[in-house]
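Residues in the first sequence are numbered from 131 upward in steps of one, following our numbering.
Beneath this line is the structure, given in C-alpha cells, with notes to follow.
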Amino acid sequence: MRRYDASEIEPKWQRVWEDEGLYRASDDPEDPRPRFYALDMFSYPSGDLHMGHAEAFAGGDAVARFRALQGYNVMHPIGWDAFGLNAENAAIKRQIHPKEWTYANIDQQAASFKRMGMSFDWSRMLRTCDPEYYRWTQWLFLRFFERGLAYRKNAPVNWCPHDQTVLANEQVIAGACERCGTMVERRDLTQWFFKITDYAQRLLDDMETLEAWPERVLTMQRNWIGRSEGARVTFTIEETGDTVEIFTTRPDTLWGVTFFVFAVEHPLVKQLAQLGGTWNDIEPLIQRVRNTPLTFREQADTKEGVALGVHAVNPVNGERIPCFVAPYVLMEYGTGAIMAVPAHDERDFGFAREHGLPIRAVIQPEGDALDPDAMTEAYPGEGVMVNSGPFDGEPTPASIAKVATWLREEGRGEPAITFRLRDWLLSRQRYWGAPIPIVHCETCGEVAVPDEELPVLLPDDVDFQPGGESPLARHPSWSKVACPTCGGDARRDTDTMDTFVDSSWYFFRYCSPGFEGGPFRREDVDRWMPANQYTGGVEHAILHLLYCRFFTKALYDFGLVGFTEPFPRLMNQGQVIYDGASMSKTLGNVVEPMPIVERWGADSMRLIMLFAGPFEDDIDWKLIAGDPNKRPGVTAWLGRVFAVTDDAVARGADVEEPEVLLGLTHRTIKGVTEDMERFRFNTAISKLQVLSNEMRAALDAGAGALGAASALAQMLAPFAPYAAEELWREVLGNGSSVHVSSWPSYDPSLAAEDTVTLIVQVDGKVRDKIEVPADADEDVCLDRARASEAAQRAIGERQIAKEIVRAPKLVNFVTQR
RNA sequence: GCCGGGAUGGCGGAACUGGCAGACGCGCGGGACUCAAAAUCCCGUGGGCUUCGGCCCGUGAGGGUUCGACCCCCUCUCCCGGCACCA
131 MRRYDASEIE
141 PKWQRVWEDE
151 GLYRASDDPE
161 DPRPRFYALD
171 MFSYPSGDLH
181 MGHAEAFAGG
191 DAVARFRALQ
201 GYNVMHPIGW
211 DAFGLNAENA
221 AIKRQIHPKE
231 WTYANIDQQA
241 ASFKRMGMSF
251 DWSRMLRTCD
261 PEYYRWTQWL
271 FLRFFERGLA
281 YRKNAPVNWC
291 PHDQTVLANE
301 QVIAGACERC
311 GTMVERRDLT
321 QWFFKITDYA
331 QRLLDDMETL
341 EAWPERVLTM
351 QRNWIGRSEG
361 ARVTFTIEET
371 GDTVEIFTTR
381 PDTLWGVTFF
391 VFAVEHPLVK
401 QLAQLGGTWN
411 DIEPLIQRVR
421 NTPLTFREQA
431 DTKEGVALGV
441 HAVNPVNGER
451 IPCFVAPYVL
461 MEYGTGAIMA
471 VPAHDERDFG
481 FAREHGLPIR
491 AVIQPEGDAL
501 DPDAMTEAYP
511 GEGVMVNSGP
521 FDGEPTPASI
531 AKVATWLREE
541 GRGEPAITFR
551 LRDWLLSRQR
561 YWGAPIPIVH
571 CETCGEVAVP
581 DEELPVLLPD
591 DVDFQPGGES
601 PLARHPSWSK
611 VACPTCGGDA
621 RRDTDTMDTF
631 VDSSWYFFRY
641 CSPGFEGGPF
651 RREDVDRWMP
661 ANQYTGGVEH
671 AILHLLYCRF
681 FTKALYDFGL
691 VGFTEPFPRL
701 MNQGQVIYDG
711 ASMSKTLGNV
721 VEPMPIVERW
731 GADSMRLIML
741 FAGPFEDDID
751 WKLIAGDPNK
761 RPGVTAWLGR
771 VFAVTDDAVA
781 RGADVEEPEV
791 LLGLTHRTIK
801 GVTEDMERFR
811 FNTAISKLQV
821 LSNEMRAALD
831 AGAGALGAAS
841 ALAQMLAPFA
851 PYAAEELWRE
861 VLGNGSSVHV
871 SSWPSYDPSL
881 AAEDTVTLIV
891 QVDGKVRDKI
901 EVPADADEDV
911 CLDRARASEA
921 AQRAIGERQI
931 AKEIVRAPKL
941 VNFVTQR
C-alpha cells in the first residue's frame with residue numbers, strides 16, 4: 131500500500147524538473163503551438179514569500195500549467211521588483227547595504243518559489259536593480275524626456291520628516307507617511323514628473339476594451355482619472371482688470387453666482403489682497419494652509435475664508451461680486467479659483483450663510499419655488515433655469531451643454547473637461563533606485579545622458595542614511611561629470627526613480643531576456659504580447675496598472691510597440707487575511723506559508739489556497755485553517771487519491787470500468803475544463819474530489835478505474851504538480867512528465883447522462899423525483915408525472931388548471947384555486 | 001455624499017441561462033480499528049414536527065413579477081472596497 135508523503139516526493143521531482151528544463155518557453159517563431167503569456171505580478175523582495183504570494187502564484191501557476199497541458203507554448207516568467215524605499219528602509223534598520231539585503235531576499239524567495247513547484251521559465255528571470263535592467267529603465271526615461279513627457283517643475287510635495295523623502299499622494303494615509311506613520315509636511319521642491327495627464331482621456335477611453343477586467347478595478351481607475359465635464363469661464367477683477375479663469379460643471383448656474391473664491395496658493399492673491407487692504411488678515415491664513423500636509427486639507431473648515439476686498443465681474447450678467455480666499459478651494463484642481471453659487475452648491479451655501487452673503491436661486495425644481503431666505507440647504511438637483519436671462523425656462527441638466535456652447539460663441543468661456551488625475555511625480559530623494567540619467571549643466575541646462583553611456587550606475591559606496599538631500603548628492607565624486615553637450619563642468623541629477631517606473635515595463639523585458647540592443651526586441655514583443663493573462667493583487671488596481679497602461683500607450687506613440695493595452699485580461703486574487711484584518715507584524719497575526727509547505731507539502735499549500743473559495747475572494751485564514759498540527763483536509767484527500775490510484779493500477783486494465791464512472795470521468799473533464807477557463811479553481815477541485823470518491827466506490831464494488839485514474843492525475847497537475855507527477859510516472863508508470871502530457875479530452879456522448887431526474891412539482895413545490903431517459907420528450911415526462919402517486923396525493927381533489935412541462939427536467943401541475 | 005461589490009447551515013463555500021437550495025470540504029456527533037493516541041475507514045449532520053409514509057419552515061428584512069425566485073424588479077438594513085472640500 132503506497133502512502134502519500136509530500137516530503138519524500140516533492141524534493142525529488144523538483145530536481146527532475148530542473149534537470150529536464152520542463153518550463154522553458156519556446157522563442158522559435160516556427161513553433162506551431164499558439165502562444166500563451168501567463169504573467170504574474172512580479173515579487174517585491176521584502177523577506178521570504180508571504181501568504182499573498184502563496185495565493186497569487188498558486189492561481190497563476192495553475193493557469194500556466196493548464197494552458198501548457200492544453201498544448202500552448204506557455205511563457206510563465208518571474209522577476210523581482212527590487213528597488214525602492216521598502217528595501218532601503220529595511221536594510222537601514224538592519225545596518226546592512228540595501229543591495230545585500232535585496233539580493234539575499236531574492237535568493238530566498240527564488241528558493242521558496244522552486245520549493246513551491248512554480249512552473250517558471252527561470253531563463254527569463256529579471257531583477258529591476260540589476261544594471262542590465264535599469265539601463266533600459268533609464269533609456270526609456272530618456273525617450274519620455276526627449277518628447278517633453280518627462281519634465282521638471284517646482285511643486286509642493288509631501289515630505290516625510292522621518293524618512294527624509296518626498297512621498298507620492300497615495301503614500302500618505304490620513305496625513306501620515308504610509309511607511310512610518312509620521313505626520314507629513316509640505317515642501318516645495320523641483321521634481322521630475324511624467325506627463326500622464328496627456329493620456330487621461332485615452333486611459334479612460336481604452337478601458338472600454340478591457341472587458342475581462344474586474345468591474346471594481348475599472349471603477350477605481352475611472353474614479354482616479356476623475357473626468358468632469360463643464361465649462362471654463364472668464365471672470366474679470368473689477369479693480370485691476372485681471373482676468374481669472376474658473377472651471378465649473380454647472381455653467382447653467384452662472385446667473386446664481388454671488389461671490390468668488392480663490393485658493394490660497396493662487397498667484398493673484400497677494401497682489402489683490404494688498405490692493406484690497408486685507409493682506410494682514412490673509413497672510414496668516416496662507417501660512418497656516420501652506421504648513422498643512424497636502425492630503426490633510428480635507429480636515430479644513432469649509433466655512434473658513436477671508437474677504438479680499440476686491441470684486442469680480444460675472445461675464446454673463448456684468449454683476450459685481452465680492453472675492454474671498456478660502457482653504458476649501460484647491461489650487462491643484464481646476465484653475466484654483468471658483469465661482470460660488472450658494473443656492474445650488476452645498477459648500478457655497480454653508481460659506482454664504484457663515485459670511486452673510488446673498489443667495490439667489492436660478493434652478494427651479496419642478497412644482498416648487500425655492501425661497502432663498504427659507505432654504506436650509508443647497509438644491510443641487512435638476513429643474514428649470516430661472517432668473518437666467520436668455521436661458522429662462524431651459525430644463526437642466528440638458529441646458530449645461532447649451533450654456534457652455536453659448537459661452538464660447540459669446541467669447542466669455544468655453545466647454546471644458548477637467549481631470550482629477552495629476553502628473554506622476556517620479557523622482558525620489560533616496561538611494562535605492564535607478565539614477566535619473568540627466569546631467570545639469572549651467573550653460574546647456576538639462577542634458578540627457580547619451581544612450582551609449584547608459585546605464586548610469588548606482589554607486590555602492592554611498593551613505594544611504596536619509597538626511598534631507600539625495601544620498602547620491604553626498605557622494606564625493608559621483609555627481610561630478612562633464613556636460614555631454616559642451617564638455618564643461620556639470621552635475622548629475624542625484625534623484626532616483628520611483629519604483630513604479632521600474633515595474634511599468636518589466637513584462638516587455640521578459641519577452642527578450644538578455645537583449646542588449648534595447649529594452650526589448652520588437653518581434654519578440656509582437657509575438658508574446660499583449661499578455662494573455664495578468665494575475666496579481668487588487669492593491670495594484672490603480673497605480674501599477676495605470677502606469678503600465680500609460681507606458682504602453684507612450685511606447686506605442688514612440689513606435690516601439692504595436693498595441694496600446696498590455697493586459698486585456700486581468701485576474702485579481704483576494705487577500706489572505708486573519709480574523710477579518712490584514713496580516714501584519716503589528717497585529718502579530720502573520721501566518722507564514724513556507725513552514726506549512728515544509729510540514730504538509732507545497733501541493734497541500736496550493737490546494738488550501740485554491741480550494742478555499744473563489745480566487746478573487748479574500749481568504750480568512752482563521753476561518754479556513756483548522757488546528758495547525760492536524761493534517762489539512764486537502765492533504766488527506768491527496769492521500770485518498772494515492773490509495774485509489776494505487777488500487778486502480780492493482781485492479782488492472784482488464785477489469786472494466788462501470789458505466790457511471792466512465793460517464794462521470796467525461797463529465798468531470800468537461801466541467802473542470804470550463805472551470806479552469808473561468809478561474810473557478812475551487813469548484814474544479816471539488817469536481818476532482820467527486821471523481822475520486824466515485825473511483826473508490828467502483829473499486830470497492832470490484833470494478834476497474836484505470837481510465838479515471840489517468841485523467842485524474844492529468845487534471846490534478848495544475849493544482850498539485852508534485853502529487854500529479856508522482857501518480858503519473860511512478861504509480862501509473864508513464865515514461866515522461868505529466869506536465870508535458872496533455873489535458874484530457876472528453877467525449878460528449880459519454881459525458882451525457884443516460885437518465886435524468888424529472889422533478890414533479892405541484893403548485894411549485896417538489897412532490898416527487900422520477901428517473902427518466904435523458905431524451906424523454908414532453909409527452910413521456912407528462913405521462914410519468916401524472917402517474918406519480920406522490921403528485922396525485924398532493925393534488926388531491928383539486929382541478930389541474932395548467933401543466934408546465936420542461937422536458938426532461940421538470941413538470942409542474944398548477945391547481946385551481 | 002458618490003461609485004463598485006456583497007449578505008446562503010456551526011465554518012469555507014456550491015447551485016453557470018428563473019426549475020431538486022446547501023455540491024465538495026472543514027467542523028461536530030456516533031461507530032470500527034487500537035492498551036491508548038495519531039492516522040485510516042464507515043454512518044449521520046439546515047431548523048421544526050412526525051403516525052417514520054411524510055409534512056411545514058428556510059438563501060439579510062419587507063414587498064412585487066412568475067406556474068415556479070438565492071437568481072429578475074422596488075424599498076430598506078448591514079458589511080467590504082474605492083473616491084471625496086474635485087467646484
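The beta carbon of each residue, even a glycine, is placed where N, CA and C say it ideally should be.
Please read all numbers here as calculations on a predicted model, not as lab measurements.
Report the CB separation of residue i from residue j in whole angstroms; it is logged as a contact under 8 Å.
i: R542; j: T626; result: Not really, about 47 Å apart at Cβ, beyond 8 Å.
i: W343; j: L676; result: With a Cβ gap of about 12 Å, W343 and L676 do not count as contacting.
i: L970; j: V287; result: Residue 970 lies beyond the stretch modelled for the chain, which goes from 131 to 947, so this question has no answer here.
i: F166; j: N662; result: 5 Å
i: T842; j: S822; result: In the sequence as presented, Thr is not what sits at residue 842; that position holds Leu. About 6 Å; that satisfies the 8 Å criterion.
i: R136; j: D776; result: Checking the sequence, you will find Ala at residue 136 rather than Arg. With a Cβ gap of about 16 Å, A136 and D776 do not count as contacting.
i: D623; j: H570; result: 6 Å
Count the other CB atoms within 10 Å of the CB of residue i; is the residue buried (16 or more) or exposed (fewer)?
i: S872; result: exposed
i: V146; result: exposed
i: S242; result: buried
i: G689; result: exposed
i: R195; result: buried
i: Q703; result: buried
i: R254; result: buried
i: C310; result: exposed
i: T765; result: buried
i: I934; result: exposed
i: L587; result: exposed
i: T716; result: exposed
i: N235; result: buried
Could you tell me which residues DSSP pairs with residue i in its beta bridges?
i: Y167; result: M205
i: G667; result: Q703
i: A342; result: R699
i: I416; result: None; I416 has no bridge partner.
i: D898; result: V890
i: Y708; result: A711
i: H441; result: P452
i: Q321; result: K283
i: E576; result: H570
Taking only three categories from DSSP, how would you classify residue i?
i: T366; result: strand
i: T408; result: coil
i: T388; result: coil
i: N942; result: strand
i: V296; result: strand
i: E789; result: helix
i: V394; result: coil
i: V802; result: helix
i: N216; result: helix
i: K78; result: Beyond the ends of the chain as shown, which are 131 and 947, falls residue 78; an answer cannot be given.
i: E646; result: coil
i: K433; result: coil
i: N759; result: coil
Mind checking whether the beta-carbon of residue i lies closer than 7 Å to any heavy atom of the ligand GDP?
i: P472; result: With respect to the ligand GDP, the structure shown offers nothing to examine, as it has no ligands at all.
Q) Using 8 Å as the threshold, is the segment 737-749 in touch with the segment 184-198, meaning 3 or more CB pairs across them? A) Short answer: they touch.
Q.
Could you check whether the segment 385-395 touches the segment 453-464, counting it as contact only if at least three pairs of C-beta atoms, one from each stretch, sit closer than 8 Å?
A. When Cβ pairs closer than 8 Å are counted between the two stretches, the segment 385-395 is seen to touch the segment 453-464, the count reaching three or more.
Q. Is there contact between the segment 316-329 and the segment 516-534, where contact requires at least three CB pairs shorter than 8 Å?
A. Contact check between the segment 316-329 and the segment 516-534: fewer than three CB pairs, one atom from each, fall below 8 Å, which does not count as touching.
Q: Decide if the segment 607-620 is in contact with the segment 546-554; the criterion is three or more beta carbon pairs, one per stretch, under 8 Å apart.
A: Segments in contact, no.
Q | Stretch-stretch touch, CB-based, cutoff 8 Å, three pairs: the segment 697-710 with the segment 749-757 | A | Output reads yes: the segment 749-757 touches the segment 697-710.
(Q) Any contact between the segment 794-804 and the segment 849-861? By contact I mean 3 or more CB pairs, one from each, below 8 Å. (A) The segment 794-804 makes no contact with the segment 849-861, as fewer than three CB pairs between them are under 8 Å.
Q) Taking one C-beta from the segment 776-793 and one from the segment 828-836 each time, how about it: are there three or more such pairs within less than 8 Å? A) Flag = yes, the segment 776-793 and the segment 828-836 touch.
Q: Flag this pair as touching only if the segment 564-576 and the segment 373-391 have three or more C-beta atom pairs under 8 Å; answer yes or no.
A: In short, these stretches do not touch, since the Cβ pair count stays below three.
Q. How do the segment 219-239 and the segment 601-609 stand: do at least 3 beta-carbon pairs fall below 8 Å, yes or no?
A. Result no; under three Cβ-Cβ pairs closer than 8 Å.
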